[in-house]
Structures are given as structure tokens and as C-alpha cells.
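Working notes, structure below.
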Amino acid sequence: MTLKTLAALAMATALTTPAFAADYGKHTFKISSGAAKDHPIATGIEAMSTCMEDGSDGKMKLRGFYSGQLGDDADATQATRSGSIDMVVTGSAAIAGIEPAMGVFTLPFMFENDAEVDAIMTGPFFDYVAEKMPEHDLIMLSMWENGFRNATNSKHPIMAVSDFEGLNFRVMQNPIFLDTFRRLGANPVPMAFGEVFTALETGAVDGQENPLPLIEATKFYEVQKYLTLTRHAYSPNPVLVNKGVWESLNADEQALIRSCAESARDAQIERSRTAVGESAEKLTAEGMEIAEMPAEEMAKLRELVAPVYETSMDSVGKENFDRLTEELAKIRN
């Protein structure tokens, strides 16, 4: 029997066999995020939740926990690995210590614009990283975003690289961010996100760096006066599920969850990008001074932090770095 005949028989069978309804059990999953409930990450979680409920006739539910209720990014990520939390939308720095390939996203100035970001987060490099996650007891469903990071402080406008000198700057608990801000002349202070507002309020640190929607959602404008649009790093937010939880689900359930995480990415990204402009307006209205560094000073900033690539190669892995830069080169050409 030829392949063509087999194909014809398979097609005939498909046309004459009644379709079976997808098999969904009753599940309620907990998903953690360090972001506030009015942050774009919450938009993604809500869209994913609606998609799962609608697609399973209400059998599969997703319950979001926000503002670090179940722990900061690092703790919630570890809890997801252990299975005490089902899912997490976490920061790239929190997962970089677990999977080195995620460390490339903590390097300064890797991305120039949103188009590059989208091509990487939905392309071959995403697949490359996702294939590594099961060995860490995690399954990566999608890559959402926190966005491009910018610097704020309470002391003075940062219009030149020298303006970083001596500022106590909160950074993520990540050696690459420590190295980056140390090279700018600041005093980097690694700190869990949930502690940042109080540290800024009491003057324990002078500044911090985050995307605009997060700066607004956490009301940093109450304790920070100056914001400089440095866009010095881009932070994705991987959506992760515990491997054991994942393997306990049947194929239909897995397919629905993965599909909903991906479709929710569209809603999350759209809201995130729209929120950047809205947040800039809100922050200005709340009294923050927003400025951009002159081009020549941005060039100096890039030059100062360039050695971070070499010093970080052991931690991020040369193969991981090369794969990302090769993909970016294809996109740019």
C-alpha cells in the first residue's frame, strides 16, 4: 500500500469519524507575580484565566496572586520548582541563577527596540531556552514582558554618566546588574523588589531602575523625583509551570494551557506597550521630572558598561550569548 493510499484512507477516516470533545478535568491553578494587580502582567494573567475557563467550559481555572503575596520573584520561582506553587510569572534575573541561558537578558543594551524583542521572544531562541527548563523542574509556556528599564533617583537629574557617581542604587539581586551600575560609578545595592519602596522612602537608597509601568504601579513617584529614559536593559517575564504539575495533565489540558499562555501574551504585550506612554503622563502629573540623556552621554554610558559582556560570559554561557547575538544579527540584517 502506497503512502498516497494511506494518506487517502486517513483522510477518509477523519471525515467519517465523529469528533471527540477535548478531555478536561477540574483544576484550579495558583499563579504568582511580584507585580501589582493594575500592572500589565495582571492583564496577561486575567486574559490567560479567561481563556482557560472559556476553553474548558469552566473546568480549568487560574487564580492570580499579585504584589509578591506568595513571595518575591526568587522565592516564588523556587516554590514553583518545588511544586508548592503551580505557576509563576517571574523576572529574568530570578531565573538566570537557575538557567544561565536566561542570564543573557540581564546584559545591558542587548535590544534596540520592540521589534527585536518580539522576534526573539517568539522565535528560535525562545525554543532553545524552553528546551532547557525541564531539567530545572519547570516548563516555560511563554515569554511576557516587564519592558525596557529606566533609572530614577531622588537627588538630581541624570543627564550625564557622571551623575550616577556616588548614588546608592537599588538593583536586582543579580551579579550582572551589580557590575553594570558599579561601572557607572553608582553604589549598587541588591535588594528584593518588595523592600524597595521603603528603602527609597527612608533614604537607604537614592534610586532604582525599572520599566515605567512598574514605576507607576508601585507609586515610586511618591519617593522619587527624577526619571531618566536610559532603556539600559530589557526584562522579559517568562511564564513557568511546575514540571510535575504539567506532567500530571493530559494532552488536551496541556494544549489549552499553552495556547492560552501564548494568546494572553498578545494582550499582555499590547497593554504593556500602551502603558509606557500612559505611565509617562501619569508620572509627570505626579511631579516627576522625565528627561533623556544627550546622545553623546548615552554613547559614553554604553562604552562604560561594554566590559560587562566579557566579565559575564562565564555566568551566562558563551553558547547562549552567541545564539542570541546570531539571532539578533539575522533580525537586524
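Residue numbers (mature numbering (1 follows the signal peptide of the UniProt record, and there is no 0)): -21 to -1, 1 to 312.
For each residue, glycine too, the CB sits at the ideal point set by N, CA and C.
Just so we're clear, the structure is a prediction, and the values are computed from it rather than from any experiment.
Cα atoms of G223 and D116: separation of roughly 7 Å, rounded to the nearest angstrom. Distance check between M277 and each of F44, T207, E305 places T207 closest, using alpha-carbon atoms only. Boundaries of the alpha helix (DSSP H) harbouring R244: 230 to 264, taken from the DSSP string.
If you check the CB distance, Y205 and N129 do not come in under 8 Å. Inclusion of M66 and V218 in the CB contact set at 8 Å is warranted, their separation being smaller than that value. Under DSSP, the beta-bridge partners assigned to R42 are K9. In this model, L303 and I99 are separated by some 8 Å (Cα to Cα). Taken through DSSP and simplified to helix, strand or coil, N166 comes out as strand.
Looking only at N221, W123, E95, the smallest Cα-Cα distance to A246 is reached by W123. Around the CB of R210, 16 or more other CB atoms lie within 10 Å, so the residue is classed as buried. Ranked by Cα distance from V202, the first of N229, A230, M267 is M267. For V287, the enclosing alpha helix (DSSP H) has its first and last residue at 286 to 290. Look at S214 here: in three-state DSSP terms it is strand. Going by DSSP, Y107 is part of the alpha helix (DSSP H) stretching over 103 to 109. Per DSSP, reduced to three states, the secondary structure at L193 is helical.
For T253, the number of other beta carbons within 10 angstroms of its own is below 16, and it is reported as exposed.
A direct Cα-to-Cα measurement between K111 and N221 gives close to 14 Å. 8 Å or more divides the Cβ of V96 from the Cβ of F300.
F199 is positioned such that its CB atom lies closer than 8 Å to that of L179. F148 and V168 do touch by the CB rule: their CB atoms are close to 7 Å apart, below 8 Å. Ranked by Cα distance from P190, the options L262, K38, W225 are led by L262. Apart from sequence neighbours up to five positions away, the residues of its chain that approach S141 with a beta-carbon distance below 8 Å are G164, ordered along the chain. Residues L191, I269 of the same chain have their beta carbon placed closer than 7 Å to that of A259, with the five preceding and five following residues left out of the count. Scanning its chain for C-beta atoms nearer than 7 Å, with the 5 sequence neighbours on each side dropped, one finds around Y288 the residues L86, in chain order. Under a 10 Å Cβ-count criterion, Q187 is classified as buried, with 16 or more other Cβ atoms of the shown protein chains found around its own Cβ. Pairing T181 with I137, the inter-Cα distance amounts to about 21 Å. DSSP, reduced to helix, strand and coil, places S227 outside both helices and strands of the structure shown, so it counts as coil. In the DSSP assignment, N299 falls within the unbroken alpha helix (DSSP H) covering 297 to 311.
Collapsing the DSSP output to three states places A(-1) in coil. Along the region 88 to 143, the alpha helix (DSSP H) occurs as fully enclosed runs of 4 or more residues at 93 to 100, 103 to 109, listed in sequence order. Taking the Cβ atoms as the reference, L146 lies roughly 7 Å from N166, within the contact range of under 8 Å.
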